[in-house]
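A short worksheet on the structure shown next.
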Amino acid sequence: MNPSLLLIFILLISIELSFTTKILFNILVIFVGFLMIFKHKHKLKTLLFFLFFPIIPAFTSFWSIYVNNNPRFALVMFTRIYAYISLGIIFSGLIKDYILVLNSLEQNLHIPTKFIYGIRSALTLAKNVKEEVKTIKYNALMHDCSLHIWSPKLFFKAIVSAMNWTDKLNEAMKLHAFNETSKRSIYKPIKILKKDWIIFTLLLSISQILIFIINY
15 MNPSLLLIFI LLISIELSFT TKILFNILVI FVGFLMIFKH KHKLKTLLFF LFFPIIPAFT
75 SFWSIYVNNN PRFALVMFTR IYAYISLGII FSGLIKDYIL VLNSLEQNLH IPTKFIYGIR
135 SALTLAKNVK EEVKTIKYNA LMHDCSLHIW SPKLFFKAIV SAMNWTDKLN EAMKLHAFNE
195 TSKRSIYKPI KILKKDWIIF TLLLSISQIL IFIINY
């Protein structure tokens with residue numbers, strides 16, 4: 015399925031989640047998220063992340079509403095947070111290449127090229143920063159200095175490295191004649207095929223029928 019259409023579908027479901035007050039709908043979305051985890055044979059830490067990472071905001075929402083004598087809506091809010099996490103898992107399970115998603119947004123939804131390249135640069139930079147932090151720690155140990163995650167010196171060095179990378183990236187894009195106002199050629203076109211529209215229509219129709227049945 016085309017990444018842009020899938021993203022639109024996920025966004026529509028997330029909007030409907032915010033308005034529904036039926037626990038069954040939230041549980042259905044969570045169940046699909048569980049299926050996606052087991053289908054793609056994710057690591058155990060992915061399942062643990064899915065179960066325990068949202069527990070603090072979910073329980074906080076539950077308790078703040080429960081103390082106001084509304085236990086049913088408290089359960090709705092608790093399961094809704096897990097349902098939102100499930101939507102992210104469903105999307106990442108179906109589309110694993112973020113470059114493909116960004117290219118589709120640029121070509122199919124006509125998102126400005128400068129915005130797309132900015133996201134791509136940020137995602138690439140995040141990986142580089144992670145590796146740079148490891149290098150900084152190793153260099154510090156060679157000088158008999160231990161830097162922890164809370165050390166200001168570690169953050170300062172990482173920020174300086176990131177600033178150097180952004181300058182180099184800006185210069186590289188200029189050297190490659192990047193200009194958002196000029197029409198650019200596309201190395202790998204991404205088209206919305208007829209089958210993509212059919213899958214999108216079927217998924218949307220099925221989801222709306224289920225929502226209608228659950229609510230009534």
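So that you can map any letter, position 14 of the sequence shown is 28 in this note's numbering, and since no number is skipped, the others follow by simple counting. Note that CB positions come from ideal geometry on N, CA and C, so glycine has one too.
* To do: Alpha carbon to alpha carbon, how far is LEU38 from LEU218? Give it in angstroms, no decimals.
  => About 18 Å.
* Asked: Are the CB atoms of PRO17 and ILE109 nearer to each other than 8 Å?
  -> In terms of Cβ geometry, PRO17 and ILE109 form a close pair [threshold 8 Å].
* Taking the continuous alpha helix (DSSP H) assigned at ARG94, which residues delimit it? -> Its alpha helix (DSSP H) spans residues 85-108.
* Asked: Does the segment 45-52 come within contact of the segment 97-107, defined as at least 3 CB pairs closer than 8 Å?
  -> Flag = yes, the segment 45-52 and the segment 97-107 touch.
* Specify, as a first and last residue, the run of the alpha helix (DSSP H) that ILE51 falls within. => Looking at the DSSP string, the run of the alpha helix (DSSP H) that includes ILE51 is 37-53.
* **In chain order, each beta strand (DSSP E) run of at least 3 residues that lies wholly inside the segment 125-159** => With a minimum length of 3 residues, no continuous beta strand (DSSP E) run stays inside the segment 125-159.
* **SER135 versus LYS141 - alpha carbon distance** => When rounded, the distance between both Cα atoms is 10 Å.
* To do: Using beta-carbon positions only, say whether VAL90 and ASN40 come within less than 8 Å of one another.
  => Yes. Within cutoff.
* Asked: When you compare each of LEU20, SER175 and PHE92 to PHE67 by their alpha carbons, which one comes out closest?
  -> Among LEU20, SER175 and PHE92, the Cα nearest to that of PHE67 is on PHE92.
* **CB-CB length for GLN121 against ILE213, believed under 8 Å** => Contact between GLN121 and ILE213 does not hold, since their C-beta atoms are separated by about 19 Å, which reaches or exceeds 8 Å.
* Taking C-beta to C-beta, are LYS36 and ASN178 nearer than 8 Å? -> Contact: no.
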